[in-house]
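One structure is given here, and the rest of the page talks about it.
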Amino acid sequence: RCGYVAIVGRPNVGKSTLLNHLLGQKLAITSRKPQTTRHNMLGIKTEGPNQIVFVDTPGLHGDADKAINRYMNRAAKSAARDVDVVVFVVERTRWTQGDQLVADKLRGLKTPLIIAVNKADQFGDKGELLPQLQALAEQHPQAEIVPISALRGLNLDTLEEVIVERL
Ligand code: GDP
Ligand code: MG
84 RCGYVAIVGR PNVGKSTLLN HLLGQKLAIT SRKPQTTRHN MLGIKTEGPN QIVFVDTPGL
144 HGDADKAINR YMNRAAKSAA RDVDVVVFVV ERTRWTQGDQ LVADKLRGLK TPLIIAVNKA
204 DQFGDKGELL PQLQALAEQH PQAEIVPISA LRGLNLDTLE EVIVERL
């Protein structure tokens, strides 16, 4: 199987880290500073008969007054429409306005959706996320929720299986 997979989410949730881990190589720039990835980055993974093209999106940014933010929002939105699978990355213990912005953009999206709950290695209260995940599950009845740690490589094989099933 082959297809395109977009990785979306607010800045700093670990999109680029995830892509690097899935590809087994450093492709996307990662840093603490948001907006390190300004353009959509492509990474191709070939494994047996499967070939996946990953699209690392720059993330959505609230302040649409800035031209660079408008550009990045456009890049992320068109990526989500033009792919076979969308992976929405969120953080296990934190839900921000940025996450909500992405969730709102994904509303009504026909593309199969996977919600990757990242930073599963971090301790802390995950209660904050439960109502948000419930709301997402209601809006996207077919969506799969997969807990992962992009940094430690936890459960990424499951994530890949779930992605390939949907291609
Ligand atoms: P992006 O803006 O969504 O592309 O996020 P990055 O991939 O640049 O990661 C932002 C920060 O989160 C970096 O400091 C990463 O090391 C960190 N990070 C990413 N994944 C994990 C994870 O699974 N666990 C922990 N503890 N930190 C992570
Ligand atoms: Mg990034």
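In this note's numbering, the protein residues as written are 84 to 250. Here a beta-carbon is modelled for each residue, glycine too, at the ideal position from N, C-alpha and C.
Proximity test, residue i beta-carbon vs ligand 1 heavy atom, cut-off 7 angstroms
i, result
"residue 98", "yes"
"residue 94", "yes"
"residue 201", "yes"
"residue 177", "no"
"residue 242", "no"
"residue 186", "no"
"residue 162", "no"
"residue 234", "yes"
Close beta carbons around residue i, own chain, < 7 angstroms, minus the five adjacent residues each side
i, result
"residue 160", "188"
"residue 107", "none"
"residue 190", "222"
"residue 208", "176"
"residue 245", "197, 227, 229"
beta-carbon residue i near ligand 2 non-hydrogen atom, thresh 7 angstroms
i, result
"residue 204", "no"
"residue 139", "yes"
For residue i, the nearest candidate out of the options (CA to CA)
i, options, result
"residue 96", "135, 185, 157, 85", "185"
"residue 232", "87, 174, 210, 183", "174"
"residue 135", "199, 168, 150, 162", "168"
"residue 203", "212, 196, 195", "212"
"residue 219", "235, 234, 200", "200"
"residue 193", "137, 224, 237", "224"
"residue 137", "234, 131, 170", "170"
"residue 125", "214, 216, 234, 166", "166"
"residue 130", "105, 164, 150", "105"
"residue 128", "210, 217, 84, 215", "84"
Beta-carbon contacts of residue i that lie in its chain and below 8 angstroms, excluding the five residues immediately before and after
i, result
"residue 179", "93"
Contact under 8 angstroms by Cβ, residue i with residue j
i, j, result
"residue 101", "residue 172", "yes"
"residue 198", "residue 162", "no"
"residue 247", "residue 103", "no"
"residue 86", "residue 196", "no"
"residue 140", "residue 88", "no"
"residue 237", "residue 229", "no"
Residues near residue i in its chain [Cβ-Cβ closer than 6 angstroms; skip 5 each side]
i, result
"residue 181", "93"
"residue 98", "90, 92, 139, 172"
"residue 234", "100"
Near ligand 4: residue i beta-carbon under 7 angstroms from a heavy atom
i, result
"residue 102", "The ligand content of the structure shown is limited to ligand 1 and ligand 2, which means ligand 4 is not among them."
Below-8 angstroms beta-carbon distance, residue i vs any chain B residue
i, result
"residue 194", "You won't find chain B in this structure, because it holds only one protein chain."
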